[in-house]
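Asks: Dropping a structure here in C-alpha cells format, bear with me for questions.
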Amino acid sequence: MSNSKRLKTSWVFCITFMSLHLNAQLTDLARLEYSFIPKSRSEDQYTRLRAIINYPIELKPKCYLVAGLEYNRVILNLEDDYSFDTSKLDKIHVIDLNLGYTFKWNEKWRFALKANPRIASTLTRSITGADFFMNGGVLFIRDRTKEKDIEHPNRLILGLTYNATTGLPFPLPFISYYREINEKWSYNAGIPKANIKYTFNKRNNVQAFIGLDGYLAHLQSPIIISEQKVEHISLSVVIGGLGYEYCFTKHLVAYMYVGNTIMLNNVLRNDNRDEIFKLDDLNAFYLRTGLKFKL
C-alpha cells in the first residue's frame, strides 16, 4: 500500500473510533444499543450489540472522576461463498475501560482528561498483547446551554485524541459545536457526528444526521488468503439518515436512527494493516436503535 493510501486509511480509522467513544462518554451514564447493516446483493449481515455504563464520582465541587465500561459485540453473518474459513470472523469483541477526570478550569471552560484501555479481538484463544490497544484524549468544554442571558445557548468542545488503532503516532484534533437556533431548532457541527434537530415538545424530536462508525480488531486465529496472513479486520462507514428520540424523562431516552451508508469499507488486513481482502464496499441500509440514560 502506498504511503498516501496508508495515511488516508489511518485518518478513516481515527475518525471511526472517535465515534465509538467520545459522543457516548461525554454525556451517557448508561446505554443499550442495537445496530444492523445488511450487505447489498448478498445474504451477509453486520450486527452490533453495545452496552455502556459510566459512573461519575464527585471528588469536590465541580470536579469528577468517571469510571466506566463499554462492551461491543459484533456479529458477522457471512453467508456468501468465500475461499477461506469465515467461522473465525463470526464474533468480534471490543471491550473498553473508561477512565476520565474533569474539573472546572475557570468560569467559562471545563477540562477533561480520559484514558481508554481496549481489548478488540475475536477472543477465540487466550488474550495476548496484540489484542490490547490504548486510546485517550484531552478536551476543553465550554458549555453555555444552561445560561438564560444569551440568545442562542451553545456548547463548544475542543481537544486532542490519541488512538493506537489508527497507526498514527501522534494525537489528532477533535472539535464539536452545538447551538440552539430557537426553541424548536438546534444543530451540532463536527466530527464524528453532525445533525440538525427539530423538537416537537419535551418528549419528541426528530433529526437529520450524518455520522461515522466502525471498528478495528485483532484476529487471534489468522487467516491465509492468497498466501498472505490476515491478522486484523476493520469496518469504516459514513452514514446519513433520519433519527427519532422519545424522552421518557429528561434523562431517559429511547431512540432510532435509519438511513443508508454513504461510504462503507469492510476489510481484512495484515499485521501492518494493509488491505488484503475486501469483504464489502457496497452501500446499504442502516439501522441503530436503543435506550440511554444521559446527564
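The sequence shown: position 121 = 626 (the working numbering), numbered continuously. Just so you know, even glycine gets a beta-carbon here, dropped at the ideal spot from N, CA and C. Here the structure is a predicted model, which means the values were calculated and not measured.
1) According to DSSP, simplified to helix, strand and coil, what is residue 636?
2) Look at residue 576 and residue 556 and say whether their C-beta atoms are less than 7 Å apart.
3) Looking at the secondary structure, which residues open and close the beta strand (DSSP E) in which residue 677 lies?
4) Between the Cα of residue 570 and the Cα atoms of 620, 580 and 592, which residue gives the shortest distance?
5) What span of residues does the beta strand (DSSP E) with residue 753 cover, start to end?
6) Should residue 740 and residue 762 be called a contact, given that it needs their Cβ atoms to be closer than 7 Å?
7) To the nearest angstrom, how far is it from the Cα of residue 653 to the Cα of residue 709?
8) Is residue 592 helix, strand or coil by DSSP?
9) By the DSSP assignment, the beta strand (DSSP E) with residue 540 in it spans what residues?
10) Distance check for residue 715 and residue 706, CA to CA, integer angstroms please.
11) DSSP three-state call for residue 669: helix, strand or coil?
12) For residue 603, is the classification buried or exposed, using 16 other Cβ atoms within 10 angstroms of its Cβ as the cut-off for buried?
13) Out of 757, 644, 769 and 785, which one is the CA nearest neighbour of residue 537?
14) Return no unless some Cβ of chain B is closer than 7 Å to the Cβ of residue 555.
15) Is residue 680 near residue 665, with beta carbons less than 7 Å apart?
16) By alpha-carbon positions, which one of 692, 725, 701 and 760 ends up nearest to residue 597?
17) Suppose the cutoff is 6 Å on Cβ atoms and the five residues either side in sequence are ignored; what does the same chain contact list for residue 787 look like?
18) What's the call for residue 625, buried or exposed, on a 16-neighbour Cβ count within 10 Å?
19) Measuring alpha carbon to alpha carbon, tell me which of 676, 703, 695 and 628 ends up nearest residue 688.
20) Which value, in whole angstroms, describes the spacing of the CA atoms of residue 696 and residue 639?
21) Take residue 776 and list the residues in its own chain whose beta-carbon comes closer than 6 Å to its own, dropping the five residues that flank it on each side.
22) Is the separation between the beta-carbon of residue 771 and that of residue 785 shorter than 7 Å?
23) What residue range does the beta strand (DSSP E) around residue 722 cover?
24) Are the beta-carbon atoms of residue 690 and residue 645 separated by less than 7 Å?
25) Could you tell me the boundaries of the beta strand (DSSP E) in which residue 785 lies?
26) In terms of residue numbering, what span does the beta strand (DSSP E) encompassing residue 699 cover?
27) How far does the beta strand (DSSP E) with residue 561 in it extend, from its first residue to its last?
28) If we count the other Cβ atoms within 10 Å of its Cβ and call it buried at 16 or more, is residue 526 buried or exposed?
29) Just grab the DSSP bridge partners of residue 794 for me.
Replies: Reading from the atomic positions:
1) helix
2) yes
3) 677-685
4) 620
5) Looking at the DSSP string, residue 753 is not in any beta strand (DSSP E), and its letter there is neither H nor E.
6) no
7) 23 Å
8) helix
9) 533-543
10) 23 Å
11) helix
12) buried
13) 757
14) The structure shown has no chain B; it contains just one protein chain.
15) no
16) 725
17) 545
18) buried
19) 703
20) 21 Å
21) 736
22) yes
23) 709-730
24) no
25) 780-785
26) 698-704
27) 550-565
28) Bear in mind that the predicted position of residue 526 carries a pLDDT of just 47, short of 50, making it too unreliable to give a figure here.
29) 539 and 761
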